[in-house]
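Chemist: Attaching a single structure in structure tokens format; questions to follow.
Number of protein chains: 2
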Amino acid sequence: MVKVTIDPWGSFLVKDYEKLIGNYGLEAFTDSLIKKLPNPNKLMRRKIIFAHTDLIKVVNAIKNKKDFYALTGIMPSLEQIHLGTKLVIENIKYFQNQGAKTYVLVADLEAAATRGLSLEEGRKRALSFHIPAYIALGLNPKKTSFYFQSTNENVKNLGYIFSKKITLNEFRAIYGTTEPGRIMSSLLQAGDILFPQLEKRMPGVIPVGPDQSPHILLSRDIVNRTRSSFNFVLPSGLYNKYTPSLDGGLKMSKSKPESCITIPEDIEKACKKIRRGFSGGRNTLEEHKRLGGMPEKDMAFELLKQHFIEDDKKLQKIHNEYKAGKLMSGDIKDIACKELTKFMKDFNKKLEKAKNIVPSLKFI
Amino acid sequence: MVKVTIDPWGSFLVKDYEKLIGNYGLEAFTDSLIKKLPNPNKLMRRKIIFAHTDLIKVVNAIKNKKDFYALTGIMPSLEQIHLGTKLVIENIKYFQNQGAKTYVLVADLEAAATRGLSLEEGRKRALSFHIPAYIALGLNPKKTSFYFQSTNENVKNLGYIFSKKITLNEFRAIYGTTEPGRIMSSLLQAGDILFPQLEKRMPGVIPVGPDQSPHILLSRDIVNRTRSSFNFVLPSGLYNKYTPSLDGGLKMSKSKPESCITIPEDIEKACKKIRRGFSGGRNTLEEHKRLGGMPEKDMAFELLKQHFIEDDKKLQKIHNEYKAGKLMSGDIKDIACKELTKFMKDFNKKLEKAKNIVPSLKFI
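Laid out in structure tokens, this is it:
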């Protein structure tokens with residue numbers, strides 16, 4: 110596990126993210142770009158978004174009121190959502206508010222191929238949990254086109270057609286692996302990323318976590334190689350940092366359940382995990398008062414920053430008081446727990462409401 | 110090009126076909142198996158079919174009047190049919206007559222992926238030429254389910270799902286290549302081969318030329334690896350020899366147009382090619398009369414045997430008279446030309462008639 114120092118307000122990038130930018134040809138998410146985005150969301154303002162690819166295309170579409178799209182997916186495996194997914198949905202919601210045609214795909218076919226989940230079961234889970242959860246997290250269901258990979262002719266066709274456009278060695282260079290299952294699911298994702306353009310060529314933004322960046326790269330390669338037949342516009346990527354593991358690791362993961370919070374989750378259990386989490390407090394009370402806390406190393410503070418406090422001033426105040434030694438690490442954990450409780454209760458209420466909307470959704 | 114001696118009536122196999130049987134684990138097409146097939150067609154009787162995989166499953170289904178299926182495909186590239194395809198259709202027709210549920214797929218998605226043919230163009234060509242041609246060659250349109258790969262949800266889904274069931278190394282062992290385009294189109298073909306069983310698990314026979322045998326092998330491997338999720342019946346393969354090139358090469362191919370006859374083709378041109386073809390005549394008239402002709406090396410005779418003479422007695426008579434030196438190689442070419450003319454005229458007439466049927470066909 111790579112250890113990463115989290116810097117809550119600074120604009121420099123931690124080493125791992127810098128490496129990612131270098132390896133995948135991403136562009137840094139700069140202040141000047143943020144200024145071009147109308148009403149940037151908290152992830153943008155706080156540089157939880159650390160990089161992008163070609164986002165200027167989407168920025169210009171927003172500015173000139175031209176068509177563009179935003180797309181993300183649902184992996185209907187467990188009836189849980191990862192906090193990283195919450196970040197992606199927040200970004201999708203942002204672009205939806207800016208006028209993006211919004212697509213949310215259910216990766217039922219990938220779930221079947223890679224996890225042996227039957228299409229029926231994937232469909233059932235998506236309808237009963239994931240789609241309502243995405244709505245509960247803020248997507249406007251009336252402005253979102255949902256679809257299932259398994260019933261989207263165009264996506265599947267594109268996946269097969271794209272297969273001829275990439276060699277095994279190129280695939281290896283992008284993904285580091287060449288197993289057929291991996292190849293096919295990646296080509297299917299390229300199909301997802303580009304199919305909205307079949308109707309109309311337009312810019313599109315795919316907000317993802319760092320581990321999904323190869324898909325953006327592959328899609329862009331494919332666009333370049335299918336110029337003569339498709340002439341797609343190169344899709345743009347937007348990359349958020351991981352939500353770190355509560356033990357301070359780079360990425361929160363279900364493989365370490367004691368350091369991972371999912372949505373939904375039993376509130377008491379989640380608070381217990383937060384309380385056991387890695388903090389930025391000093392060794393003694395005296396030391397803490399003298400040197401101040403270290404919000405940049407504090408996982409509870411990171412949760413507040415990435416997920417639970419919307420208001421920058423409120424967050425800044427907590428940050429400053431913690432750093433000044435006025436707030437103790439236990440205080441930060443209390444606040445995180447309180448805000449998480451508020452969030453989870455609100456989510457559960459919205460989830461139940463959203464479930465009632467599902468039957469009226471339009472699927473493409 | 111591997112040179113192959115064609116043996117018209119003998120039951121032994123030429124070296125290349127023997128090798129194929131060894132490499133792909135095929136079973137020889139034996140007299141005892143032929144006896145189990147009701148009213149074997151001329152390809153079976155004449156051992157133009159040289160091997161099979163597990164055909165006993167289908168033999169038993171015929172015998173016990175159980176459900177089984179036969180499947181073949183159309184590659185809608187040129188508006189021409191290969192003589193090798195004619196052999197496959199003859200076998201499909203045989204099994205259709207024995208009660209097989211019959212499926213003919215249009216490989217429009219493969220054509221798009223591997224040859225850059227748009228789905229629209231592939232569809233158009235299949236409807237205007239290939240499907241009517243298959244009907245003209247004897248398929249009963251009322252008993253045949255046609256479909257397009259690009260619109261068959263199940264086939265495409267199976268292709269993606271199967272991708273997880275095979276490693277790159279296994280793919281290399283079967284196909285000798287590992288390019289993503291090849292992987293995807295082969296998995297799609299496995300989807301084609303197995304999808305009829307989604308409705309009902311049953312034996313099925315896929316008549317193919319030797320170069321298609323890897324697809325049968327892959328499908329059977331996949332059946333073994335998806336026992337727990339699908340429990341398909343292992344599909345059977347039936348393998349016909351190639352129609353040799355008119356210059357005596359192993360396989361007739363469009364890459365040597367002067368040695369290749371397609372359906373349809375200008376009759377005069379086709380006859381000219383036959384007359385220039387490799388013959389089994391001796392160097393001089395005297396020698397020919399003394400030693401007799403060599404039907405086993407005669408490409409015109411091979412055409413009669415594989416394609417144009419249905420009646421075994423009639424073919425045997427020509428064979429015997431040629432071998433006895435009573436018929437000259439020019440005579441065999443004349444007969445081949447005459448029979449080809451009859452066939453082409455009949456085909457053209459039936460093709461026009463079949464075109465009128467297309468609008469009333471049911472597609473699945």
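Residue numbers (this note's numbering), protein chains in the order written: chain V, 110 to 473; chain P, 110 to 473. Here a beta-carbon is modelled for each residue, glycine too, at the ideal position from N, C-alpha and C.
Can you tell me whether P:PHE387 is helix, strand or coil according to DSSP?
Modeler: If DSSP states are grouped into helix, strand and coil, P:PHE387 belongs with coil.
Chemist: Looking at chain P, which residues of the segment 251–269 of chain V have a Cβ within less than 7 Å of any of its Cβ atoms?
Modeler: Flagged, chain order: SER259, THR260, GLU262, LYS265, ASN266, TYR269.
Chemist: Report the CB separation of P:ASN349 from P:VAL197 in whole angstroms; it is logged as a contact under 8 Å.
Modeler: Yes, P:ASN349 and P:VAL197 are in contact; Cβ-Cβ is about 7 Å, under 8 Å.
Chemist: Using alpha carbons as the reference points, say which of V:ILE270, V:SER438, V:PHE204, V:LYS252 lies closest to V:ALA409.
Modeler: Taking only the C-alpha atoms, the option nearest V:ALA409 is V:SER438.
Chemist: Mind listing which residues of the segment 383–404 of chain V have their C-beta closer than 7 Å to chain P's C-betas, in chain order?
Modeler: Flagged: no residues at all.
Chemist: Is there contact between the segment 228–244 of chain P and the segment 305–317 of chain P, where contact requires at least three CB pairs shorter than 8 Å?
Modeler: Segments in contact, no.
Chemist: Using beta carbons (cut-off 9 Å, strictly below), is P:GLU219 in contact with chain A?
Modeler: Going by chain labels, chain A is absent from the structure shown, which instead holds the protein chains V and P.
Chemist: In three-state DSSP terms, what is P:SER362?
Modeler: P:SER362 falls in the coil class under three-state DSSP.
Chemist: Could you check the C-alpha separation between P:PHE452 and V:GLY290 for me, to the nearest Å?
Modeler: Spanning the two alpha carbons is a distance of roughly 46 Å.
Chemist: By a C-beta neighbour count over all protein chains shown, 10 Å radius and 16 as the cutoff for buried, is V:SER338 buried or exposed?
Modeler: Under this definition V:SER338 is an exposed residue.
Chemist: For chain P, is any of its Cβ atoms less than 9 Å away from the one on V:LYS202?
Modeler: No, because no Cβ of chain P sits closer than 9 Å to the Cβ of V:LYS202.
Chemist: With distances taken between CB atoms, is the gap from V:GLY358 to V:GLY401 smaller than 9 Å?
Modeler: No, they are not a contact pair.
Chemist: Just grab the DSSP bridge partners of P:ILE372 for me.
Modeler: Per DSSP, P:ILE190.
Chemist: Is P:GLU395 closer than 9 Å to P:LYS382 when the C-beta atoms are compared?
Modeler: Against a cut-off of 9 Å, the Cβ pair of P:GLU395 and P:LYS382 comes out as no contact.
Chemist: What residues in its chain sit with their C-beta under 6 Å from that of V:PHE204, if we drop five residues either side in the sequence?
Modeler: Counting only Cβ-Cβ distances below 6 Å, and skipping sequence neighbours, we find ALA179, VAL314.
Chemist: Strictly by DSSP, which residues pair up with V:ILE183?
Modeler: Its beta-bridge partners are V:VAL215.
Chemist: Give me the chain V residues within the contact set of P:LYS273, using Cβ-Cβ distance strictly less than 7 Å, ordered along the chain.
Modeler: Chain V residues near P:LYS273: ALA222, THR223, GLY290.
Chemist: Using C-beta distances below 8 Å, list every residue in its chain close to P:ALA299, excluding the 5 sequence neighbours before and after it, in chain order.
Modeler: Taken in chain order, the residues that qualify are LEU267, GLY268, PHE271, HIS324, LEU327, SER328, ILE331.
Chemist: Using a Cβ-Cβ distance cut-off of 9 Å, determine whether V:SER186 contacts chain P.
Modeler: Taking Cβ atoms only, chain P never reaches closer than 9 Å to V:SER186, which makes this a no.
Chemist: Counting contacts by CB-CB distance shorter than 9 Å, is P:SER338 in contact with chain V?
Modeler: So yes, P:SER338 belongs to the interface.
Chemist: So, does the CB of V:SER227 fall closer than 9 Å to a CB anywhere in chain P?
Modeler: By this cut-off, V:SER227 is an interface position.
Chemist: Spatial neighbours of P:LEU307 within its chain, please: CB distance less than 7 Å, with the 5 preceding and 5 following residues excluded, ordered by chain position.
Modeler: Taken in chain order, the residues that qualify are ASN263.
Chemist: Using the Cα positions of V:LEU436 and V:THR287, report the straight-line distance between them to the nearest angstrom.
Modeler: Roughly 51 Å separates the two Cα atoms.
Chemist: Compare the C-alpha of V:THR352 against each of V:GLU136, V:GLU448, V:HIS191, V:LEU187 and name the closest.
Modeler: Closest by alpha carbon: V:HIS191.
Chemist: Contact criterion: CB-CB distance below 9 Å. Does P:ILE115 meet it with respect to chain V?
Modeler: For P:ILE115, the pLDDT reaches just 33, beneath the cut-off of 50, and the residue's location in the model is therefore unreliable, leaving the point undetermined.
Chemist: Hey, which unbroken runs of the beta strand (DSSP E) at 3 residues or more fall wholly within the segment 221–305 of chain V?
Modeler: Counting only runs of 3 or more, we get 253–257.
Chemist: Might you give, ordered along the chain, the residues of its own chain that have their beta carbon closer than 7 Å to the beta carbon of P:PRO305, omitting 5 neighbours on each side?
Modeler: These residues qualify, in order along the chain: TYR178, LEU180, LYS210, TYR212, GLY313.
Chemist: By the 10 Å Cβ neighbour count, where 16 or more other Cβ atoms means buried, how is V:PRO147 classified, buried or exposed?
Modeler: By the 10 Å Cβ count, V:PRO147 comes out exposed.
Chemist: Going by DSSP, name the residue or residues bridged to P:LEU347.
Modeler: Answer by DSSP bridge pairing, in chain order: P:HIS161, P:PRO316.
Chemist: My assumption, with CB atoms under 8 Å, is that P:ILE158 sits in contact with P:LEU347. Please give the rounded CB distance.
Modeler: Going by Cβ atoms, the distance from P:ILE158 to P:LEU347 rounds to 6 Å, so yes, they are a contact pair.
Chemist: Report yes if the CB atom of P:ALA170 is closer than 9 Å to the CB atom of P:LEU135, and no otherwise.
Modeler: Their beta carbons are not under 9 Å apart, which means P:ALA170 does not touch P:LEU135 by this criterion.
Chemist: Tell me which residue opens and which closes the alpha helix (DSSP H) that V:MET453 is part of.
Modeler: Taken as a continuous stretch (DSSP letters only), the alpha helix (DSSP H) holding V:MET453 covers 438–466.
Chemist: How is the alpha helix (DSSP H) around V:GLU367 delimited, first residue to last?
Modeler: Per DSSP, V:GLU367 belongs to no alpha helix (DSSP H) and is neither H nor E.
Chemist: Alpha carbon to alpha carbon, what distance is there between V:ASN249 and V:PHE417?
Modeler: Cα to Cα, V:PHE417 sits roughly 20 Å from V:ASN249.
Chemist: Opposite V:ALA137 in the DSSP bridges: which residues?
Modeler: Partner(s): V:ALA160.
Chemist: Is the beta carbon of V:ILE183 less than 9 Å from the beta carbon of V:VAL215?
Modeler: Yes. Within cutoff.
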